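Visitor:
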Amino acid sequence: VFFMCKYGFKLIGSPVRKCGKDNKWTGTQPRCEIVDCGPLRAPMNGHVIGNETTFHKIVRFSCNPGYKMHGYPDAICQANGEWSNTVTCLLVGLSCGQPRDVRNAEYKLTGTGFNDNVTYTCNEGFTVIGTVTKRCTAKGEWGGALPTCMADCPKPSHIPENAFIVNEKERYMSGERVTFKCKPGYNQEGLATTLCFLGDWNIMPFKCEKGGCGDPGLPENGAKVGLSYGVGARVFFTCKLGFNLKGSPSRRCGEDNKWTGTQPRCESKTVSFAERALAEEAFRLFYYKLPLSTLQKSHVDINSGSNSGSLALETLALIEAPTNGSVIGNETTFQKIMRFACDPGFEMDGNPVAICQSDGKWSSTVTCNPVNCGSLDAPAHGSVSGDSTTFTSRLVFSCDAGYIMSGSPIRTCLKNASWSGTQPRCDAVECGKLAVPRNGTRVGTLWTFPNTVRFACDEGFELSGSAVRTCQADGSWNGTLSECNAVDCGPLPVPMNGSIPGEATVYPFQREVKCDRGFILRGSRFRLCQADGSWSGRTRDCGPLATPTNGTKTGSLTTFPNKVTFSCDEGFILIGSPLRSCQSSGKWSGEQVRCEALDCGFLATPMNGSKIGAKTFFPNQVLFSCDEGFELIGSARRACLSNGSWSGVSVICKAHDCGPLVSPLNGTKTGSLTTFPNIITFKCDPGFNLIGSPKRTCQSNARWSGQMVSCKARDCGPLTTPRNGSKLGSLTTFPNKVHFWCDEGFDLLGSKLRVCQANAIWSGDKVTCQARDCGPLNTPLNGTKTGSLTTFPNTVKFMCDEGFNLIGSRNRTCQSNGKWSGQQVACGARDCGPLPTPMNGTKIGSLTTFPNKVTFTCVEGFNLIGSSIRHCQSDSTWSGSQPTCKVRDCGPLPVPANGKMLGLHTTYPSDIHFRCYKGFNLIGSPTRSCQSNAKWSGKEVSCNAVDCGPLAAPMNGSSVGNLTVFPNIIKFICDEGFDLLGSSVWRCSSDGKWDGITTTCKAVDCGPLVKPLNGSMMGSLTYYPNHVSFTCDKGFLLRGSEVRACQANRTWSGMNTRCE
């Protein structure tokens, strides 16, 4: 049974109910409820009149004073649950002003009023990024973010050697790529593309190298994938649907500069439905499982008969750069790593490193989210508008009426997660200082909005102007100039038959009353104008009138017939008589006066917010704030103004918007509201598991709770390739398929096609490949057989007994046709053949057939190298190795120091002779022979120097040197005062004798001294160190030295001696 509701009503319950086998209706009982459009938000600076929100109900809009309506004034609740229209309340004379300039761009205006547009155009050589048109909004602001003009790039100058540009032109836009291609005969290495970014080229490694294997060719009706043709490069081939690939599906360029495998070709065939499915699977595996590189470097060559060409593998790239980000790296094969990077102003969500896994998928993906600069508070006496705090977002600040902004009125979220500009503040407008009136006083020293100053006059003076003046939002004082004028007591009535000279009637003047001649004065002769505005003396007085609170009184005279006028301060209404006269009865005319404050009316508390302040009359204020998760739009502070209206604009609390969430691939999401505190739930399609948070809540910080959601296909687990068979298809996730077949010679048991089902279980039965049977084989006479399995492709091995050769096929294999390969086996005896006798040796044994042996020996002085015994083995070869007799070597002998060695050979029976150089004696054996035991005869040789014996030092001298062996020397030196005679150096000769003349030290001779005249001399020796004494005869005095000594320098000491 089907149910439906009338137009304007919605169905709650099951639209279709079916009678089940249990005689009960499925689903729930339906009902029809009238469509409710929900409360309609009042336009900013306006109101909504009417509170019925169901189908066909009407509400009406109205705008605040000073604003005009833009749009139809009535809205109707429609059947789709939405209101027919909304309106905007525009400030009279609204203008967005001149738009901001964009660097490297010009703009054109249609006007600066509401809904007018400005369109930006980039200068030549620049490309626009972003929206080029902005509209003047009801807030008096140009809506949307400013566009950016990014510099173009000229044609790249860095063209690699032996390469050319495929898409060559004179200029390229920012973000556009240039593709290089190598000239014929050269092979590509590296990335073939380069990116234009902000006027510069992002150069990647690329070169064209000569050599390699060259182009392997393209099969007709096929495709080829490969990056280069250099050594080590690999190229893959496949055929179109309806064609079979013959030859090698992949070829590698070898070290010999040749392609491995055979040249592939595509042959036409008739395609059945099953084969079509298989071919499609093969094509899909080919494209998605190859170790392709990224979009920047991958390409496919396609040959379709007459239609051949090259196609960029945009859809085949295995990894994509995140929006507002990039991928670093170009190797995309198994276990290779790619790194993600986000553009300035964006932060990464996810693992920055992705690894190519064995299933051909990358281990991770990332998103680049704009950085969040955090919320900014509205300044005191001001407000802030803007609902986003992420990179490039703008917040606009404004001050309440009566306040002037200092700081930045617009702040932009920068790429470093900080706000541009400085924090604004709203300073009160200054109205200027008010003077103190003469003969009066002033109360109040603050001259800024919304402060007040009160004035009063001294006794006897009354105020003219405003008693209270308030600093207004426009920087001017309300009211009029305050002055203190002397109280006027009014005219004095002139008595009949009398006069009052003079005209002054103000405080503190005095008047004299005079009577005409013949008349007598009754009453006061002198009348004084008093401070209370009355004349002294006798007169009718109505008594004082009070000045109303928040008002002023003009006139202070309370006597008949004076008048008093009343007025109220701005923001207050006068109740009572504005003019009262003192009547002849002594009573005031009219009614008592009071000043009541103007009432600005009730202000509603915003939904999802609160307000502080309940008084609605001048000059009270109301403060508004929003609950957590909501942003205040409008004026946070509103004051009841003197004109009976509220300052600022209406307040609403707008929920923070977390932004849209994308439905996961192979899944769905429930919920479309993205504002706080809404919830979006996710569900995956059958066969897929949910990764991430199944429920995500928009939080008060404008961010979604939980983690990003993806739907990962359920994995049925690996299927083993049947032994002696193969499978096509490596993907084990839902809903992939795997095809099986058996090798030639095997029959398939089980399901040829198995599908991974939504319940993560493979369909069908396990596959096995059963081998064919070739039957038993006989064991040969004088031999054995190894292997009892007779099914394809088993092998039976034959061996002959020791001493027999195998005739026929040693190995026989059961073939796919059920027959044994090879020929029947027989066993015959074996002969190892003759062995030669080694030189300088002997051989014992002459039989060369299995299992005989031959023994070898060497003569004295020779060593046997190889096998001393060799057996004829069952494989017709001799055991061991062929022996030789090698002469024994005694090894090298050292050459003695100071000697030489004669003879080069160190093998048996060679001799070595030794000799010592002249001056050295040989110690040991002068001749040594290499003996048959490989040892040298005799003793080790050394050459010792000849010793000349000790030498005695001469008397009165000394020797230098103590070595007495050849060829050392000893030096002699004499003491001071002695001369050396003979050899000063003695050398030990090779004959063992000292070479030199006998050495002596002779004292030096100072020569004879003359005996003085008239004196005598004692001492006749004149050589060192003797001395001579002098004396004079009696009567003579000795002049000079009395004693003189022979010195070492061959001179006499002292002075010449004489006797006087």
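If you're matching positions, the sequence shown starts at -18 in this note's numbering and goes up one per residue.
In this text, a Cβ means the ideal position worked out from N, Cα and C, and glycines have one as well.
On a predicted model such as this, the values are computed, not experimentally measured, just so you know.
For the structure I just gave you, are there three or more beta carbon pairs, one from the region 672 to 686 and one from the region 634 to 647, closer than 8 Å?
Guide: Touching, yes, given that three or more Cβ pairs across the two stretches are closer than 8 Å.
Visitor: Look at the alpha carbon of Phe42 and the alpha carbon of Glu411, and state the distance between them as a whole number of angstroms.
Guide: Their Cα atoms are separated by approximately 37 Å.
Visitor: Might you give, ordered along the chain, the residues of its own chain that have their beta carbon closer than 6 Å to the beta carbon of Gln688, omitting 5 neighbours on each side?
Guide: Excluding sequence neighbours, Gln688 sits near Gly673 and Ser674.
Visitor: Between the region 452 to 469 and the region 415 to 434, are three or more C-beta pairs nearer than 8 Å?
Guide: As far as the Cβ criterion goes, the region 452 to 469 touches the region 415 to 434, which means the pair count is three or higher.
Visitor: Kindly indicate the opening and closing residues of the beta strand (DSSP E) around Pro658.
Guide: That residue, Pro658, is in no beta strand (DSSP E); it is neither H nor E in DSSP.
Visitor: From Phe187 to Pro141, what distance separates their C-alpha atoms?
Guide: When rounded, the distance between both Cα atoms is 7 Å.
Visitor: Look at the Cβ atom of Lys708, then the Cβ atom of Thr702, and state whether they are nearer than 7 Å.
Guide: For Lys708 and Thr702, yes; Cβs fall inside 7 Å.
Visitor: At what residues does the beta strand (DSSP E) containing Glu105 begin and finish?
Guide: Glu105 -> no beta strand (DSSP E), and no H or E assigned at all.
Visitor: Could you tell me the alpha carbon to alpha carbon distance between Ser399 and Arg233, rounded to whole angstroms?
Guide: One C-alpha to the other measures close to 54 Å.
Visitor: According to DSSP, Val1051 sits in a beta bridge with which residue or residues?
Guide: Look at the range of the chain in this structure, -18 to 1041, and you will see that residue 1051 is not part of it.
Visitor: Who pairs with Arg392 in a beta bridge, going by DSSP?
Guide: DSSP output for Arg392 lists Leu376 as bridge partner(s).
Visitor: Helix, strand or coil, according to DSSP, for Ser345 in the structure here?
Guide: Here Ser345 sits in coil by DSSP.
Visitor: DSSP three-state label for Ser1010, please.
Guide: Here Ser1010 sits in strand by DSSP.
Visitor: Tell me which same chain residues have a C-beta within less than 6 Å of the C-beta of Val941, skipping the five on either side of it?
Guide: So the qualifying residues of the chain are Lys952.
Visitor: On the criterion of 16 or more Cβ atoms from any shown chain inside 10 Å, does Pro645 qualify as buried, or is it exposed?
Guide: Classification for Pro645: buried.
Visitor: If you follow the beta strand (DSSP E) that Gly590 is in, where does it begin and where does it stop?
Guide: Gly590 to Ile593 is the extent of the beta strand (DSSP E) around Gly590.
Visitor: On the CB-based measure, 16 or more other CB atoms within 10 Å of its CB, does Arg869 come out buried or exposed?
Guide: Buried.
Visitor: Return helix, strand or coil for Trp428, following the three-state DSSP convention.
Guide: Coil, per DSSP.
Visitor: Quick check on Arg257: buried or exposed, where buried means 16 or more other Cβ atoms within 10 Å of its Cβ?
Guide: Residue placement at Arg257 is flagged as unreliable, the pLDDT there being 43, under the threshold of 50; the coordinate-derived value follows with that caveat. By the 10 Å Cβ count, Arg257 comes out exposed.
Visitor: Around the C-beta of Trp6, are 16 or more other C-beta atoms found within 10 angstroms, so that it is buried, or is it exposed?
Guide: Answer is exposed; the Cβ neighbour count stays below 16.
Visitor: Can you tell me whether Thr836 is buried or exposed, with buried defined as 16 or more other CB within 10 angstroms of its CB?
Guide: When all chains shown are included, Thr836 counts as exposed.
Visitor: Using 10 angstroms around the beta-carbon of Ser591, count the other beta-carbons present and answer buried if the total reaches 16, otherwise exposed.
Guide: With fewer than 16 Cβ atoms within 10 Å of its Cβ, Ser591 is classed as exposed.
Visitor: Per DSSP, what kind of secondary structure is His362 in: helix, strand or coil?
Guide: In this structure, His362 counts as coil in the three-state DSSP scheme.
Visitor: On the DSSP bridge list, what partners appear for Glu351?
Guide: For clarity, residue 351 is Pro in the given sequence; the question names Glu instead. Bridge partners of Pro351: Phe327.
Visitor: Could you tell me whether the region 716 to 736 touches the region 744 to 759, where touching means 3 or more Cβ pairs closer than 8 Å?
Guide: Judged by Cβ distances under 8 Å, the region 716 to 736 makes contact with the region 744 to 759, as three or more pairs qualify.
Visitor: Apart from the five residues on each side of it in sequence, which residues of its chain come closer than 7 Å, Cβ to Cβ, to Gln805?
Guide: Within the same chain, Gln805 has close Cβ partners Gly789.
Visitor: Answer with buried or exposed for Val281, where buried requires no fewer than 16 other C-beta atoms within 10 angstroms of its C-beta.
Guide: Bear in mind that the predicted position of Val281 carries a pLDDT of just 40, short of 50, making it unreliable; the figure below should be weighed with that in mind. Its Cβ being crowded by 16 or more others within 10 Å, Val281 is buried.
Visitor: Specify, as a first and last residue, the run of the beta strand (DSSP E) that Phe547 falls within.
Guide: Lys544 to Cys549 is the extent of the beta strand (DSSP E) around Phe547.
Visitor: Just to confirm the assignment, what range does the beta strand (DSSP E) spanning Gly180 have?
Guide: Careful: Gly180 lies outside any beta strand (DSSP E) and carries neither H nor E.
Visitor: Once DSSP output is grouped into helix, strand and coil, what is the label at Asn443?
Guide: Reading off the sequence shown, one finds Glu at residue 443, where the question assumed Asn. Of the three classes helix, strand and coil, the one that applies to Glu443 here is strand, per DSSP.
Visitor: Runs of 4 residues minimum, wholly inside the region 683 to 720: which ones carry the alpha helix (DSSP H) assignment?
Guide: Counting whole runs of 4 or more residues, the region 683 to 720 contains no alpha helix (DSSP H) stretch at all.
Visitor: Compute the Euclidean distance between the alpha carbons of Ala214 and Tyr153, then round it to the nearest angstrom.
Guide: So the two alpha carbons sit approximately 32 Å from each other.
Visitor: Alpha carbon to alpha carbon, what distance is there between Pro667 and Arg735?
Guide: Near 18 Å, if we compare the C-alpha coordinates of Pro667 and Arg735.
Visitor: Distance check for Ile39 and Ile614, CA to CA, integer angstroms please.
Guide: For Ile614 and Ile39, the distance between alpha carbons rounds to 26 Å.
Visitor: I'd like to know if the region 847 to 859 and the region 871 to 881 are in contact, where contact means that at least 3 CB-CB pairs between them fall below 8 Å.
Guide: No: the two stretches stay apart, fewer than three of their Cβ pairs being nearer than 8 Å.
Visitor: Can you tell me whether DSSP reads Cys581 as helix, strand or coil?
Guide: Coil.
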